[in-house]
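Beneath this line is the structure, given in structure tokens, with notes to follow.
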Amino acid sequence: MRLSREIAILIGPLAALLSAAPLGAQARPEGLPFDEAAATITDADLRVRIGALAHDSMRGRNTPSPELEKAARYVASKFRTFGLLSGVGDDYLQRYPVTTIRLGPVSAQSLELRGPGGQRLALSPESDFIPVPAGERLEGEGPVVFVDADDRETDLLGRVALVRATSGTLRTALGSMRELLAGRQAAAVILAVDAQDSYLNGVRRFFGSERTALGDADGFPGPVALISASKLPRALADAVRRGGTAQGWSATLRSESEIVRADGMNTVGWLEGSDPELKGEYVIFTAHMDHVGVGRPVNGDSVYNGADDDASGTAAVIELAQAFARTSPRPKRSLVFVTVSGEEKGLWGSRWYVENPPFPLENTVANINLDMIGRNWQDTIAAIGLRQSTLGETVERIAAGHPELDMEVVDDQWPGERFYYRSDHYNFARNGIPILFFFSGTHEDYHRPSDEPSRIEYEKTARVTRLLYYLGLEVANAADRPQWDPEAYRSVVGGEGR
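First residue of the sequence shown: 136, per this note's numbering; consecutive thereafter.
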């Protein structure tokens, strides 16, 4: 069975993915005219590739994880087989640093509050406060000083900062920890959260094991804890709620975490263009191959497979690479195929790519991003960013010119969800590269273990992918680059454009 062989590649030893043949040594099949090359994009191929990437054995392809590396090497093996050149060295892998800070044992986390008249309150990390993974061995002790969220003046040197937060401001407050601890030299930070217990239980689950960041981070320079305002002594709770003082109180916060450094990775392959001048310009296809890993079980299933999100886009990029590798004549501009990771963590892989570009960004004429293209409408695909550049007119014309695809292209149907800022095209757009983000919308299985390969609409996904083949062909062969709408450029990038 073909699907079984693809899965065996993924779950077998990683060395099995690395051919003994030198780079580019695989014999390429004969070239095909455009329509015949497009026809090599099939629902059967997509079924195999999505089934392999989103198999339970891939454990949700978290960033970082051994399964993510297996996925990256799987994509690389396909690029090698198709005869693509590597954009980042012999293995097609562009690595980037990731730091994971894992909370240490419960016994190593403690918080003690001391008040006027000899009051002492030892709080439990299991029920009273939430230790935040921060650094290897940290201890902060000193007088407690209340700091409101917008306070920039209070002297924090050697003091424990008690910061008020709500469910709506907690993310922003956590983002200020480094400033409070390193910049203003607080001994420790206690975030007093005024929220319901159910919300804090969710926060506890989130911080229960680890915190992961892009880069070679060292954690926080001091300990951090979250506590419900209702768990504080009345005098401190009142100070938090009313913005009063914490006079006469001191605290000691101890925390221990493990810092683990690992690699995230992107897979990068490319096909050189045929035109002596235009081959120095690039059209880039992207999709994210990561998902959210293993998490809270739902109906006994804890593997978040990510078949639609985004094995569907990753499989389509593989199909596009294969189709273009067989296209004759080769498009005039060069084509780059990138499967990124860390999208679910905050667009890490695409951010790393644009900050460390294998191909000059100023010569990258378009980014076509594919994320969740396998569900919902049978005859419609959203192209977010449709009105931002001439790419929108191009794809609408192509869709109209290929009625056999039965695919209408529409603009963003969910502006309130801010999807424009939530997938990898955004890092290209903010660097001045015209984009289109192809997306079929969320569904009841979004970020749930039920996002399984069996739920993908494979025939529809193949038609979307063939549409993108014709789009890439048109952009790669056009005399002129795609052009931004000036107002959209000023909104996304700033300035007057190029």
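The beta-carbon is built from N, C-alpha and C at its ideal position, and this holds for glycine as well.
Residue i in three-state terms, based on DSSP
i, result
"Thr235", "strand"
"Pro199", "coil"
"Pro550", "helix"
"Gln254", "strand"
"Gly310", "helix"
"Tyr439", "coil"
"Gly383", "coil"
"Gly629", "coil"
"Gly430", "strand"
"Glu416", "coil"
"Leu188", "helix"
"Asp620", "coil"
"Pro400", "According to the sequence shown, residue 400 is Met rather than Pro. The answer is strand: DSSP assigns Met400 an E or B state."
"Asn491", "coil"
"Arg369", "helix"
"Phe169", "helix"
"Ser409", "coil"
"Ser476", "coil"
"Pro588", "helix"
"Arg461", "coil"
"Ala348", "strand"
"Phe264", "strand"
"Leu455", "helix"
"Asp501", "With the sequence shown as reference, residue 501 is identified as Ala, and Asp is not the correct amino acid for it. The answer is strand: DSSP assigns Ala501 an E or B state."
"Ala611", "helix"
"Ala360", "strand"
Spatial distance of residue i from residue j (CA atoms)
i, j, result
"Glu204", "Leu292", "44 Å"
"Ala269", "Asp225", "37 Å"
"Ser390", "Gly303", "26 Å"
"Trp101", "Ala300", "The displayed coordinates of the chain run from 136 to 633. Any statement about residue 101 would go beyond what the structure contains."
"Ser259", "Asn434", "32 Å"
"Gly430", "Pro199", "15 Å"
"Pro621", "Asp506", "26 Å"
"Gly159", "Gln523", "Unreliable placement is indicated for Gly159, whose pLDDT of 41 sits below 50; the coordinate value is still reported in the next sentence. Distance between the alpha carbons of Gly159 and Gln523 is about 37 Å."
"Arg510", "Pro588", "11 Å"
"Gly354", "Asp170", "53 Å"
"Leu316", "Gly310", "11 Å"
"Phe264", "Ser363", "7 Å"
"Ile325", "Glu276", "12 Å"
"Pro157", "Arg313", "Any reading at Pro157 needs caution, since the residue's pLDDT is 34, under 50, leaving its predicted position unreliable; the model's value is listed next. Going by the C-alpha atoms only, they are around 47 Å apart."
"Asp615", "Pro584", "44 Å"
Proximity below 9 Å, CB of residue i to CB of residue j
i, j, result
"His582", "Asp444", "yes"
"Thr387", "Glu479", "no"
"Gly195", "Gly441", "yes"
"Arg230", "Gly399", "yes"
"Gly484", "Ala211", "no"
"Pro368", "Leu256", "yes"
"Ile185", "Ala374", "no"
"Gly166", "Arg465", "yes"
"Leu361", "Leu219", "no"
"Val471", "Tyr417", "yes"
"Tyr593", "Ala173", "no"
"Ile508", "Thr600", "yes"
"Asn504", "Thr421", "yes"
Buried or exposed by the 16-neighbour rule on C-beta atoms within 10 Å, applied to residue i
i, result
"Arg461", "buried"
"Ser245", "buried"
"Tyr624", "buried"
"Trp549", "exposed"
"Val545", "exposed"
"Asp290", "exposed"
"Ser347", "It is Thr, not Ser, that sits at residue 347 in the sequence shown. Under this definition Thr347 is a buried residue."
"Leu242", "It should be noted that the sequence gives Ser, not Leu, for residue 242. So Ser242 counts as exposed."
"Asn502", "buried"
"Pro266", "buried"
"Glu288", "exposed"
"Ala162", "Residue placement at Ala162 cannot be trusted, given a pLDDT of 49 that sits under 50; what the coordinates show is reported in the next sentence. With fewer than 16 Cβ atoms within 10 Å of its Cβ, Ala162 is classed as exposed."
"Tyr556", "exposed"
"Thr307", "exposed"
Cβ of residue i within 9 Å of any chain D Cβ
i, result
"Gln457", "Absent here is chain D; the protein component of the structure consists of one chain."
Mind pulling the alpha helix (DSSP H) runs of 4 or more residues that sit fully within the region 506 to 585? 525 to 536, 560 to 564
As an exercise, report each continuous beta strand (DSSP E) stretch of at least 3 residues that is fully enclosed by the region 275 to 339, in chain order. 295 to 301, 323 to 329
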